[in-house]
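Chains as they are written, first to last, in the numbering used here: chain A, 9 to 123; chain B, 7 to 119.
For reference, the structure discussed in these notes is given below.
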Amino acid sequence: GAVVSQHPSWVICKSGTSVKIECRSLDFQATTMFWYRQFPKQSLMLMATSNEGSKATYEQGVEKDKFLINHASLTLSTLTVTSAHPEDSSFYICSGVQEDNSPLHFGNGTRLTVT
Amino acid sequence: AQSVTQLGSHVSVSEGALVLLRCNYSSSVPPYLFWYVQYPNQGLQLLLKYTSAATLVKGINGFEAEFKKSETSFHLTKPSAHMSDAAEYFCAVRHTGGFKTIFGAGTRLFVKA
Numbered sequence: 009g010a011v012v013s014q015h016p017s018w019v020i021c022k023s024g025t026s027v028k029i030e031c032r033s034l035d036f037q038a039t040t041m042f043w044y045r046q047f048p049k050q051s052l053m054l055m056a057t058s059n060e061g062s063k064a065t066y067e068q069g070v071e072k073d074k075f076l077i078n079h080a081s082l083t084l085s086t087l088t089v090t091s092a093h094p095e096d097s098s099f100y101i102c103s104g105v106q107e108d109n110s111p112l113h114f115g116n117g118t119r120l121t122v123t
Numbered sequence: 007a008q009s010v011t012q013l014g015s016h017v018s019v020s021e022g023a024l025v026l027l028r029c030n031y032s033s034s035v036p037p038y039l040f041w042y043v044q045y046p047n048q049g050l051q052l053l054l055k056y057t058s059a060a061t062l063v064k065g066i067n068g069f070e071a072e073f074k075k076s077e078t079s080f081h082l083t084k085p086s087a088h089m090s091d092a093a094e095y096f097c098a099v100r101h102t103g104g105f106k107t108i109f110g111a112g113t114r115l116f117v118k119a
């Protein structure tokens, strides 16, 4: 099956620093990648959609200058949380999709804690 | 606009009992429908998907779901619950021709011994 590798699985950083999260599709080319945020005991909130080689499309209310997304290739997308604050602490999950009727394939998520 | 409603944020069943997790969707065009399972501190794993083929879809771990257009439902069932089924389950909808996927609020399944 399709595998998405997300790294790191957890990270603790100090307020004001930046954190980069990587999402790689290991055995398929992800035409589109998505970044979600999940608060405790809640559903997934779509943050942005990225296509290889083009600018990401952000959902309403998501600050594009704070959450920088780069989709450098068909197998790699990165999310950088810039100038992190404690309220950015959350579980971030990436996913990739290959073609129209295929499901999303998820990474295992990254637990970000900002102190 | 698409939306997904999962009835019941928590469902508790006894081991060996029937599992029924409800999902209703709203979509102006024929949708693709998915069920995912999430274990603590992990990503989501696909259980099954409906993409306009057979209306009764069989997935992994003994789960299945039936697409009922007249009821706009896609309920998830399993004949006999196992302790390892305890997890969070998400129903999701996506319209054909696009990738944007909308998730329901999730249903936490508890399995009692």
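We put the beta carbon where it would ideally sit given N, CA and C, even for glycine.
Given the structure is predicted, the values throughout are model-derived calculations rather than measurements.
When 8 Å is used as the limit between beta carbons, GLN48 of chain B is near these residues of chain A: ASN116, GLY117, in chain order. Per DSSP, the beta bridge partners of GLY104 of chain A are A:MET41, A:HIS113. Excluding sequence positions up to five before and after TRP18 of chain A, its CB lies within less than 7 Å of the CB of THR118, ARG119, all in the same chain and listed in chain order.
CA-CA distance, ARG28 of chain B to GLY24 of chain A, rounds to 43 Å. In terms of beta-carbon proximity, VAL12 of chain A lines the interface with chain B, with at least one pair separated by less than 9 Å. Note that the C-beta distance between THR88 of chain A and ARG32 of chain A is not below 9 Å. Taking a beta-carbon distance threshold of 9 Å, THR107 of chain B counts as an interface residue toward chain A. TYR42 of chain B and GLU30 of chain A have their C-alpha atoms some 22 Å from each other. The residues CYS21, SER23, ALA92, HIS93, PRO94, ASP96, SER97, in chain order, have a CB closer than 7 Å to that of VAL122 of chain A in the same chain once the five nearest residues on each side in sequence are set aside. Counting along the chain, no beta strand (DSSP E) covers ALA23 of chain B, and no H or E run does either.
A Cβ-Cβ distance of about 6 Å is found for the pair GLN8 of chain B and SER32 of chain B, placing them in contact under the 8 Å criterion. For the 9 Å CB-CB criterion, LEU82 of chain B and ILE66 of chain B do not form a contact. When CB distances to chain A are screened at a threshold of 9 Å, the residues of the stretch 56-68 of chain B falling below it are THR57, SER58, in chain order. Judged by DSSP secondary structure, HIS93 of chain A falls outside any beta strand (DSSP E); it is assigned neither H nor E.
The C-beta distance from THR107 of chain B to ASN30 of chain B rounds to 16 Å, too long to fall under 8 Å, and the pair is not in contact. In summary, no residue of the stretch 10-26 of chain B has a CB separated from any CB of chain A by less than 8 Å.
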